[in-house]
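Notes follow once the structure below has been shown.
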Amino acid sequence: MQYFKKLQQLLDVEKEADLASFHQASSQQDIGQKRTIGQLWYPIAIKDQELGRGDYLSVEVVRTTHLEVPHQFRYGVQAALFSNHDITTHRIEGTVIAIGENWIKISFRIDELPDWTDNGKLGLEMLFDQYSYEEMQKSLKEAEKQETSQILSPLSQVLIGNKAPRFNENKDSVASARLNEVQQQAVNHIASATDIALVHGPPGTGKTTTLVEAIKVLLAKGTTQLLVTAPSNAAVDVLTEKLAEEKISVIRVGNPARVSKSLLEKTLDHQIRAHVFVKDNQKLKKQAAQLRDMAHKYKRKFGSAERAQRKALFASARDIMKELEANEAVAIDTVLNNAQVITATLVGTNHPSIRKRTFHTLIIDEAAQALEPACWIPILRTQKLIMAGDHQQLPPTIKSSGKEAKALMHTLMQKCIERYPDTVVSLQEQYRMHASIMDFPSQQFYANSLQAHPSVATRKLFMTDLSVQFVDTAGCGFEEKNKDNSIYNPEEASFTVRLLAQYLHQLSTGNILPTVGLISPYRAQVSELKEQASASPLASYDGSLSANTIDSFQGQERDVICISLCRSNTEGTIGFLADIRRMNVAMTRARKKLLIIGDSSTLTVHPFYRDFIKFCEDNGFYQSAWEYMEY
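In the working numbering, the protein residues as written are 214 to 844.
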């Protein structure tokens, strides 16, 4: 079977599984629950409306309560505007075209809002994300067409295994005092690649720093413009900020996950608004709005003359909007042409502003977390690809199961590592963890290749502290329970909160206020930990303590990481803890202290946890929970 036809079939299966999962979860949740998880805003207010692109009505809404709740709305997703009077019939669907922390602009295929939007409370609900799947399928179909016609680019031929990668060994190496020897090797490897180069960056090894230096070298050597992407908005934001700090001209396409002034100033929308060609747009928008308001006067009970007048007013408003769009198009081209680097998410690289642009060099960061179909969206428009990531950390989130899920989890980066090991440079010196925290992950995942930089190798919160502790709850009777298709363990949560509070109290006497991550693999256990922490001395550490799932902590780090493993049962069932890459992520978030609480009698059914507990015993890091019961 053709390479891209197979990927299309895998993506179809994944979409169906994702859709089924979305509908099942949605049917079991009320407005309050959906609002809590960031899939719904209620109540909202309509701030503005205007004619938008394609003669569609563009409506800006703002949320008026629960402003602190992170939301999941993204550019391109479908959303439904609804009224609390009748959530089923008083409902229209549109597409998110712009988004902020507490405002969203939606495009509706209508001339004007229905009458019911003037009465009752309104809300906005995120619908299933068809957009991402559509963009991925478009690219796969285009790649399939090229494959069938035998016109695939040399880069694409390399990526599917039909051609070997090439390197220009005559290129001069460039030295940087900021980089260690292996990082420098990675930069020169990237510069000499003709088609692909891979950077394997284990936790804390300075992968982002290496990529930024590589971008500087590529620009210095004549690359006019690079496209830099990642699967998530958060990863794109980090790269955008790092590039801006290096005085590189960077434009962020799409909406950043973090709303900071420095980042917003780098967005395409911000740059366009400041452009001379767009300064007259407010005047044009006002004229269009006036014409549209006049047309609305003929909304009810009018004859043929009024109907003709209404049609003419809308036509005039549309003509003005076309002039406005032409101004914006000039501004967009000018802003983008002046950028050395354009950044966007993988799906965001098909944003209307850049979808027709081609690039010499593409960089995909966190490539080991990226669905392969999403990678092909920008790959088809570039000649050279650099992928960076760590395939020993969490893979892409997959909703399907069986052989299809296994195939999709096998990322493009993994395939290239397996096919072309000579294209890979693995970073080795890490700048995050105490050597004791690093040792076990290095043994299990990186063939003992990691080295702790002297600046972090012996760094502790206090002299006599154990940098690693495993506290064993076996025999304590802390039994796991099931809630909302998730696992939680209230007794272990209570013990964990008390133990962490006691540890932090020791530090507070020395005026040390570390950053703390309280982690569990299960969202129900995270909820339990948060609830118990809020009623404990940990509540006073609110600003420096955050609690979340392991998956949510990928890419982050804290001085102290405390992990509640949660599983405790007589069957020896550990669920997705069996994906040991999840534990690699959890353990390697810690800088100075790693504290893990779990039941060895359950965990040791898996060799990874047997090895970890033995590692702790051999190094004096093992303790029984019974030693702390007086606390």
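Positions of the beta carbon are idealized from the N, C-alpha and C atoms, including for glycine.
Please read all numbers here as calculations on a predicted model, not as lab measurements.
Query raised in the report: For Y907, which of helix, strand or coil comes out of DSSP?
Result: Coverage of the chain is limited to positions 214 through 844, which leaves residue 907 absent and any answer about it impossible.
Query raised in the report: T301: buried (16+ other C-beta within 10 angstroms of its C-beta) or exposed?
Result: exposed
Query raised in the report: Are the CB atoms of Q641 and H604 nearer to each other than 8 Å?
Result: no
Query - Option in D824, S749, L717 with minimal Cα separation from V773 - result: L717
**Report entry** Element boundaries [beta strand (DSSP E), containing G251]
**Finding:** Where G251 is concerned, there is no enclosing beta strand (DSSP E), given that its DSSP letter is neither H nor E.
Query raised in the report: Relative to the alpha-carbon of F821, which residue among I810, Q656, L663 has its alpha-carbon at the smallest distance?
Result: Q656
Query raised in the report: With I319 and V371 assumed to form a contact (beta carbons below 8 Å), what rounded beta-carbon distance in angstroms separates them?
Result: Not a contact, Cβ separation roughly 41 Å.
Query - Extent of the continuous beta strand (DSSP E) to which V773 belongs - result: Unbroken beta strand (DSSP E) run through V773: 771-777.
Query raised in the report: Nearest to V274 by CA position, among D261, F286, E281, P283, is which residue?
Result: D261
Query raised in the report: In whole angstroms, what is the alpha-carbon distance linking F321 and H298?
Result: 21 Å
Requested in this report: List the endpoints of the continuous beta strand (DSSP E) containing W316.
Outcome: That run of the beta strand (DSSP E) goes 316-321.
Query - First through last residue of the beta strand (DSSP E) which encompasses R804 - result: 803-811
**Report entry** 8 Å Cβ shell around A292 - same chain, five flanking residues per side excluded
**Finding:** F286, E306, G307, T308, V309, I317, I319, L337, E338, M339, L340
Query - Between the CA atoms of S234 and D331 - distance to the nearest angstrom - result: Take the alpha-carbon of D331 and the one of S234: they are about 34 Å apart.
Report task. Decide yes or no for the touch test of the region 803-814 against the region 758-778: beta carbon pairs closer than 8 Å, at least 3 of them. Result -> yes
Query raised in the report: Mapping DSSP to helix, strand and coil, what is S345?
Result: helix
Report task. Could you check which residue in A448, N832, E281, N375 has the C-alpha nearest to that of L679? Result -> Comparing Cα-Cα distances from L679 to each of A448, N832, E281, N375, the minimum goes to N832.
Query - Rounded distance between the beta-carbons of L559 and T442, thought under 8 Å - result: 5 Å
Requested in this report: Might you give, ordered along the chain, the residues of its own chain that have their beta carbon closer than 7 Å to the beta carbon of E840, omitting 5 neighbours on each side?
Outcome: none
Query raised in the report: When the Cα atoms are used, what is the spatial distance from L625 to D532?
Result: 46 Å
Report task. Name, in chain order, the residues that DSSP records as bridge partners for H413. Result -> H413 is bridged to G602, S639.
**Report entry** Buried or exposed by the 16-neighbour rule on C-beta atoms within 10 Å, applied to R391
**Finding:** exposed
Query raised in the report: Could you check where the beta strand (DSSP E) with K694 kicks off and where it finishes?
Result: 694-696
Query raised in the report: When DSSP labels each residue in this structure, what does Q241 get in the three-state scheme?
Result: Here Q241 sits in coil by DSSP.
Query - Between the CA atoms of S749 and R712 - distance to the nearest angstrom - result: For the record, residue 712 in the displayed sequence is Leu; it is not Arg. If I take the Cα positions, the gap works out to 11 Å.
Requested in this report: May I ask you to report which of helix, strand or coil DSSP gives V400?
Outcome: helix
Report task. Specify the secondary structure class of N761 as computed by DSSP and reduced to three states. Result -> Strand, per DSSP.
Query - Contact check, I576 vs L368, beta carbons under 8 Å - result: no
Query raised in the report: Helix, strand or coil: which one does DSSP assign to G615?
Result: Helix, per DSSP.
Query - Three CB pairs or more closer than 8 Å across the region 736-756 and the region 785-795 - result: no
Query raised in the report: Comparing alpha-carbon positions, which option in V226, S765, Q715 lies nearest A746?
Result: Among V226, S765, Q715, the Cα nearest to that of A746 is on Q715.
Requested in this report: May I have a chain-ordered list of the beta strand (DSSP E) segments no shorter than 3 residues that lie completely inside the region 440-492?
Outcome: 463-465
Query raised in the report: In whole angstroms, what separates the C-alpha of Y844 from that of I810?
Result: Bear in mind that a pLDDT of 48 at Y844, under 50, signals an unreliable position, so the number given afterwards is only what the model happens to contain. One C-alpha to the other measures close to 15 Å.
Query - Same chain, Cβ closer than 6 Å to N563, neighbours up to 5 away in sequence not counted - result: Within its own chain, the residues whose Cβ lies closer than 6 Å to the Cβ of N563, once the five positions on either side in sequence are excluded, are E348, I590, listed in chain order.
Report task. Report yes or no: do three or more beta-carbon pairs, one from the region 454-466 and one from the region 537-554, lie closer than 8 Å? Result -> yes
**Report entry** Residues bridged to D685 (per DSSP)
**Finding:** G811, S837
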